[in-house]
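A.B. asks: For what it's worth, the working numbering labels the leading residue of the sequence shown as 28, then goes sequentially. Think of the CB as a built atom: it goes at the ideal place given N, C-alpha and C, for glycine as much as any other residue.
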Amino acid sequence: MKKMTSTEIRNMWYEFFVEHGHKRVESAPLIPKDDDSLLWINAGVTPLKKYFDGRVVPDSKRLVNVQKCIRTNDIENVGRTSRHQTFFEMMGNFSIGDYFRKEAITMAYELLTSEKWFGIPKELLYVTIYMHDEESFEVWTSLGLDPSHIVRLEGNFWEIGEGPCGPDSEIFYDRGERFDADGTAFTKFKNDEDQGRYVEIWNNVFSQFNAEKGVKRENYKELPHKNIDTGAGLERWACIFQGVDTNFDTDLFQPIIKKIEDICGTLYNGEMAFKVIADHARAITMALSDGAVFENTGRGYVLRRLLRRSVRYGKKLGINEPFVWKLVDTVIDTMKESYPALLETESQVKVLVLDEENLFYDTLAAGEHRLEELMKKHQDTKEISGKELFKLYDTYGFPFELAMEYLEEASYTTNQQEFDACMAEAKELAKKSAKKESSMNLQNQALLEFTTPSTFVYGKYKVKGKVTAIISNDDMTDSIDRDGYVIFDQTCFYATSGGQVADTGMITCKKFKARVLDVFKGPNGQNIHKVKILSGTIHVGDEADLLVDKDRRLRIECNHSSVHILQNSLQEVLGDTVHQAGSYVDENYLRFDFTYPGKITDQEILDVEALVNDTIKAQIETETEIMSLEDAKKTGAMALFDEKYGDKVRVVTIGNSKELCGGTHTSNTRNIGSFAITNLESKGSNVYRVQGATGNEVEHALYVAIKPFSDEKIKQLLKAKEILTLAKAEGIVLDFDPIIENPVPTSYKDVLHEKNELGYVLDEVKRLDKEYKAAREKKALGDVDSYVNEAFAMTGIDGKGLVMKVLSKDTKILKDVADECLNRLGTGFVFFANVDVDKVTFVARSNISLSASDMVKDACMLLGGNGGGSKTFATGGAKNSAKVDEVLSNAKQKLESFKGEEN
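#1: Measuring straight from C-alpha to C-alpha, what distance separates D669 and E162?
#2: For the alpha helix (DSSP H) that H587 lies in, which residues bound it at each end?
#3: Can you tell me whether D501 is helix, strand or coil according to DSSP?
#4: What whole-angstrom Cβ distance do P765 and E791 have, given they're in contact under 8 angstroms?
#5: Grouping DSSP H, G and I as helix and E and B as strand, with all else coil, what is V166?
#6: Between S916 and A747, what straight-line distance do the alpha-carbon atoms span, to the nearest angstrom?
#7: Are the CB atoms of T441 and K409 within a distance shorter than 8 angstroms?
#8: Looking only at its own chain, which residues have a Cβ that is under 6 angstroms from the Cβ of L474, when we skip the five neighbours before and after it?
#9: By alpha-carbon positions, which one of C536, E749, N706, N783 ends up nearest to S737?
#10: Given that a residue counts as buried once 16 or more other Cβ atoms are within 10 Å of its Cβ, and exposed if not, what is G345?
#11: How about I58 and A319: do their beta carbons lie closer than 8 angstroms?
#12: Between the beta-carbon of D278 and the beta-carbon of T32, is there less than 8 angstroms?
#13: What residue from I267, D207, Y225 has the CA that sits closest to K30's CA?
#14: Quick one, which of R89, D173, Q443, K910 has its alpha-carbon nearest S412's?
#15: Mark Y485 as exposed unless 16 or more other C-beta atoms lie within 10 angstroms of its C-beta, in which case mark it buried.
#16: Using beta-carbon positions only, say whether S481 and T523 come within less than 8 angstroms of one another.
#17: For L581 and S589, what's the separation of their Cα atoms in angstroms?
#18: By Cβ distance, which residues of its chain are closer than 6 angstroms to R98, with the 5 residues on each side in sequence left out?
#19: So is Q718 buried or exposed if we call it buried at 16+ other beta carbons inside 10 Å?
#20: Return the chain-ordered list of same chain residues with a C-beta closer than 6 angstroms to the C-beta of F233, the five sequence neighbours on each side being excluded.
#21: Taking the beta carbon of L617 as the centre, do at least 16 other beta carbons fall within 10 Å, making it buried, or is it exposed?
#22: Please name the residue or residues paired with C258 in a DSSP beta bridge.
#23: Roughly how far, in whole angstroms, is the beta-carbon of K685 from the beta-carbon of T651, given that I think they are within contact range, below 8 angstroms?
#24: Does DSSP put W185 in a helix, a strand or coil?
#25: Express the C-alpha separation of A901 and A820 in angstroms, rounding to a whole number.
#26: For H47, which residues from the same chain have a beta carbon less than 7 angstroms from its beta carbon, with the 5 sequence-adjacent residues on both sides left out?
#27: If you draw a straight line from the C-alpha of A457 to the C-alpha of R332, how long is it?
#28: Please confirm whether D119 and A310 have their CB atoms less than 8 angstroms apart.
#29: For R336 and T390, I'd like the C-alpha separation in whole angstroms.
#30: Quick one: residues in its chain with C-beta nearer than 6 angstroms to the C-beta of S878, no 5 flanking neighbours on either side, listed in chain order?
#31: If we count the other Cβ atoms within 10 Å of its Cβ and call it buried at 16 or more, is S175 buried or exposed?
#32: Can you list, in chain order, the residues of its chain whose CB lies under 6 angstroms from that of L574, leaving out five sequence neighbours each side?
#33: Helix, strand or coil for R509? Go by DSSP, reduced to three states.
#34: Are the beta-carbon atoms of F280 and A305 separated by less than 8 angstroms?
#35: Got a sec? Which residues, its chain only, sit under 6 angstroms from Q375 by beta carbon, not counting five neighbours each side?
#36: Keeping to the same chain, check which residues put their C-beta closer than 6 angstroms to that of D317; ignore five residues upstream and five downstream.
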């Protein structure tokens, strides 16, 4: 059978179906668009639903894709089984009212068995069909599939509630007797039970009926247009076509696992921790690259959980510092050929992951300290209440699972039911809080019925206003002496809108003093002020001075005007295909999202930044005008596609920029001072995000932007210093003298400089490390003669044994040394114990009947470690080297007395 890389499998999948009239559909981002019911794209068909339900007519009725997916419902099983992954790729072919069952099965059979394509022997294929699906049985057998390889199951009917449904036919691959130790696999397969021999690789769903409530399945009506929806997991296909036991042994995971080995200094031997970390690193990297962020809710919480779970499993491997961010490069390297856009977000993703890891380590440090205090407090009873552990979780964010690990290690106990009860109570309170908060949204009855107008006064930072309404506890009231919501007949406080944040400030009069915390629009257009009463009582009818925090507002205005100028500059440099997709401005920061069907070069962004600054230096007055929507469109003023406008609109003109906008702006561009872009990132699907700052915030914002690069550069230089120190101690001469510049940042050019300089340093350190390892290997191989001289005769057979303790050798080099030693010995056994401080690594090489794997396992067992391999080669390790001399003595005795009877 063919051996294929994952990239080759993807490409062949596309090639086959394109050749059979399908249109290639690139993977959608992992974040669903226009579907709030889903956290993630979780199936290949998900982004294509709009075609299946008739909302959108596709360009072709035949489609093929390889879709990125995330599912987290089985997160606890990741690493425990060979098939559970958080992130995976689903290959699919789809027919929307075109071909149906016969053609779908025929194409599947051709793709799988034809030597031109995947070339699987038909004897290794098994299928399941719906119990009453005679047509599928006839098609499969007519193609040449043995009827004994076809299993009928009642469960082979795809149906989720009401709507389109139908039979399905699942295709399985027979992995052989090696995965059927007790010979029961086929019986279990026929009974639809779990087993390891017959692995599902493809499901074809024949959507032909309409499920209706209260109607029996046999009475379902047929759909006027029948569809085909299929799914084939790339990871399982890679497992099969690479001839490995689990998905984690494929080229999709192995580079990541090897990187984890490098970080932790322990070799992978099937441990769950390696699998969990590798899986989660893929999901985190791919999701962040598609625009997700770490948050406390929704998909952001899922990512936070995956990262923290990775850190916890890293601790099991002895990793006690941020490390997941170091896996991002490796994940991207394995996926970049199929998803080149990953390279554009690589640096940003690493920063996000590193920041989140640092945050979690801070959480762990504070939590660990508090947990130690609790353990000391309860050292007599050795029991900490579930309530106390919940407080630890609620206050410090310290994971319950991690707390349990600490307690178990110290022989402490707790009451998990009490913890769960506290958690349930907290969730209920959160729900009530959310309901209370949402009561001030547009559906609040009190606000819906209040229609007295309120005027926002532009260009003023202080006005007198009269209280027209007060809302407290969801209802209108005549007065309040605590926090609440207030409406005035007129206000100078801007309400959050159009990407601009709300004003803050003070409201004062002789009767009361209040701080404005937030302002938002009510359903009838009034600005609603969320206030904190500092003194006195507010009554309806009171008149007061409304004072906006002027300095803050002025900075917001400068940032808002800069966003307008930025959009115009982007269009001048990139063309009219630039369209706004969102924006955000506050007093410290600005963000602009836009769509653009192409790649953006560094020079183009520098040109955009220069254009913005040219406009600022030109000292252009801001002009505003109220006009009809029709007249505004005639002037060429830009409007947001998704925005709904009234008959009268406000047009803001700043030089060549002309937009419909209700926000506040600086009176003259000279007030902005200066502008700098701090970051450009792709959000997927031709959506880009520019971040920037103005005025006095520029230098600080640029330092923040370059910090991840400079920090990493420092780490790399320290790594180089460490290599040079080790090399000097070993008498190895190396050349390393990079030229580093550290200018005060003033523009995006400095961000690019720092990024490029990091790349230069990375290359130099990589070169240095490579030269150092080559020199060490050469030096180590030079020691082979002295090692071989220590060999002893094995009295039981005609061979020699070599058992040695070496200090702080590179494991990879030691493998080569072991090979060379055995080559010199001719026939025999080589066993090295490589001691590095308290850790020890074993390397065994054998060409006699004594198993290298058994020798290493015995050694590891004595020291509480783990290891293994084959009869001819094995490695292992342990964190305790105290009994290493005993291990060496045992090994030597075993070799000296070996008589050749073992196999």
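C.D. replies: Put simply:
#1: Because D669 carries a pLDDT of 39, less than 50, the predicted location of this residue cannot be relied on, and the following value inherits that uncertainty. Roughly 48 angstroms between the two C-alpha positions.
#2: From DSSP, the alpha helix (DSSP H) with H587 extends over 577-601.
#3: Three-state result, D501: coil.
#4: Going by Cβ atoms, the distance from P765 to E791 rounds to 5 angstroms, so yes, they are a contact pair.
#5: DSSP places V166 in helix when its eight states are reduced to three.
#6: Distance between the alpha carbons of S916 and A747 is about 38 angstroms.
#7: The criterion of a C-beta distance shorter than 8 angstroms is not satisfied by K409 and T441.
#8: So the list reads G549, P550, once near-sequence residues are dropped.
#9: The shortest Cα separation from S737 among C536, E749, N706, N783 belongs to N783.
#10: That one is exposed.
#11: Result yes, Cβ atoms of I58 and A319 sit closer than 8 angstroms.
#12: Yes.
#13: Measuring from the Cα of K30, the nearest candidate turns out to be I267.
#14: Nearest C-alpha to S412: Q443.
#15: Exposed, because fewer than 16 other Cβ atoms sit within 10 Å of the Cβ of Y485.
#16: Pairing S481 with T523 gives a Cβ-Cβ distance that is not under 8 angstroms.
#17: Distance between the alpha carbons of L581 and S589: 12 angstroms.
#18: N69.
#19: Buried: at least 16 other Cβ atoms inside 10 Å.
#20: Taken in chain order, the residues that qualify are R128, G193, P194.
#21: Buried, because 16 or more other Cβ atoms sit within 10 Å of the Cβ of L617.
#22: The question names Cys, but residue 258 is Gly in the sequence shown. For G258, the pairing in a beta bridge is given by DSSP as N230.
#23: That belief does not hold up - the Cβ atoms of K685 and T651 are roughly 11 angstroms apart, past 8 angstroms.
#24: In the structure shown, W185 sits in a strand (DSSP, three-state: E or B).
#25: Straight-line Cα distance between these residues: approximately 22 angstroms.
#26: M134.
#27: Low per-residue confidence applies at A457: pLDDT is 47, beneath 50, and the placement is therefore not dependable, though the value from the model is reported in the following sentence. Between A457 and R332, the C-alpha separation is close to 19 angstroms.
#28: In the sequence under discussion, the amino acid at residue 119 is Gly, which differs from the Asp named in the question. Against a cut-off of 8 angstroms, the Cβ pair of A310 and G119 comes out as no contact.
#29: For R336 and T390, the distance between alpha carbons rounds to 14 angstroms.
#30: For S878, where only same-chain residues beyond five positions count, the Cβ hits under 6 angstroms are K898.
#31: Answer is exposed; the Cβ neighbour count stays below 16.
#32: A distance below 6 angstroms between beta-carbons, with the five flanking residues on each side excluded, links L574 to the following residues of its chain, in chain order: K489, G532, M533.
#33: Under the three-state reduction of DSSP output, R509 falls in the coil class, being neither helix nor strand.
#34: Contact flag set, yes.
#35: Excluding residues up to 5 positions away in sequence, E708 lie with their Cβ nearer than 6 angstroms to the Cβ of Q375 in the same chain.
#36: P56, L57, I58, G711.
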